Each structure stands twice: as C-alpha cells, then as structure tokens.
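In my numbering, the protein residues as written are 4 to 212.
Each residue gets a CB set at the ideal place from its N, CA and C atoms; glycine is no exception.
Here the structure is a predicted model, which means the values were calculated and not measured.
This report concerns only the one structure given below.
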C-alpha cells in the first residue's frame, strides 16, 4: 500500500510537471501538490484540478489505511511475544516483524539460518573456478517482501553506524570499517535473517555480538 501511494503521488507529480508545477519526489511533496491544486493563480485547467482532486482522494484513503494498519502492528508488537522478540533486533520494526509472521512459513521447517536466508534470497551465489569457491551477488530469488524490508532496515542501521562513527556491535563495526556500505548492506540482512531463525527456533532473546 505504501508503494501504491508513492506511485499515485509520483503520477500526480508527473501530470502537474507538464504544466510547469514541479515538486520533489515522495510523500513529503504532497502538501506542495495540494497547494498547487487549490491555488487559483497557478493557471491549471479545470480538468487538471479535477483529476488532481481524484488523485488526492485516493492518496488520502490509502494513507488512512496505512496509518491504521501501522497502529495495529505497533500494538501487536507490544503484546505478541514473538513480534516483540523480533523487534529487539536492530533494523527490525513492527512492519518487518509483521511481514515475517505473515509471509514466512514455520521457521522450524528450515534446517539452519543459512537455509532461511537462502529462502529469502539473501545468500550469495557460489561459483567454483579451479577448485576455488567464489561468492557472487545475492540471488534475489526468494521472498521479496521480507528481503526488501530487511535490506531497508539494514541500510538504516548502517547509516546510523556511519554517522556515529562506530558501533558497540563488534561484527557490524568491523564490517562497516573494512567494507563499502553496499557490501555491508548485503551482508547485514543475511546475518539478520540468521538471527531471526535462531531466535525464533530457540525461543531466545537478541544478544549483541
């Protein structure tokens, strides 16, 4: 739904840009678009204003649903033991925890955390050359919703570590210090998936490495 809302906002941006009204990308620009539609001095044709109003109504309905669902997830993450446990992992919030609960099968069906990470498409491809195994890019073949949320959460954590100049998590601090951010952004979701599997199957709380 967030993606649908963003698409509607960008479509409205594109239509108004044809009439010389330019606004930045994303939900933050919505107020600029609203003001342009009600501004009688903007020179917009009546048909364009009507079209823009229809877009705004659709965006408002989606926003109401998104906020309601976000509130329900927030409440569930405080009362559900499993969701609350997952939310203790840095980079995982109520939305990601809810997606794991909704889309992932029983994690006991996976033999290891690596298998769960592979199911998500977060394990690098392996290529053998001359008897040596080389790791390539991630496969991107798995559950896209959870994978995308884990990558977004990992990027948020990495940006925080870079901004603070370090982390109390020794593994993460070393990874960010010696690897480019995009490499760390692949490695961290993989590790997060393995932590999710371990914490869920063992019913353990998060412990910092």
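Unbroken alpha helix (DSSP H) run spanning residue i, endpoints
i: residue 97; result: 97-106
i: residue 148; result: 147-167
i: residue 67; result: 49-82
i: residue 178; result: 173-181
i: residue 36; result: 33-41
Three-state secondary structure (DSSP) of residue i
i: residue 12; result: helix
i: residue 202; result: helix
i: residue 214; result: Because residue 214 is not part of the residues shown, which for the chain are 4 to 212, the question remains open.
i: residue 192; result: helix
i: residue 125; result: coil
i: residue 119; result: helix
i: residue 214; result: Within the shown structure, residues of the chain are numbered from 4 to 212, placing residue 214 beyond reach of any answer.
Euclidean distance between Cα positions of residue i and residue j
i: residue 49; j: residue 6; result: 28 Å
i: residue 203; j: residue 85; result: 7 Å
Beta-carbon spacing of residue i, residue j below 9 Å
i: residue 172; j: residue 120; result: no
i: residue 69; j: residue 8; result: yes
i: residue 123; j: residue 190; result: no
When the options are compared against residue i, the one with the closest alpha-carbon
i: residue 15; options: 59, 46 and 153; result: 59
i: residue 198; options: 100, 11, 146 and 76; result: 100
i: residue 94; options: 66, 70 and 149; result: 149
i: residue 52; options: 79, 24 and 123; result: 24
i: residue 200; options: 109, 34 and 28; result: 109
i: residue 147; options: 26, 107, 72 and 162; result: 107
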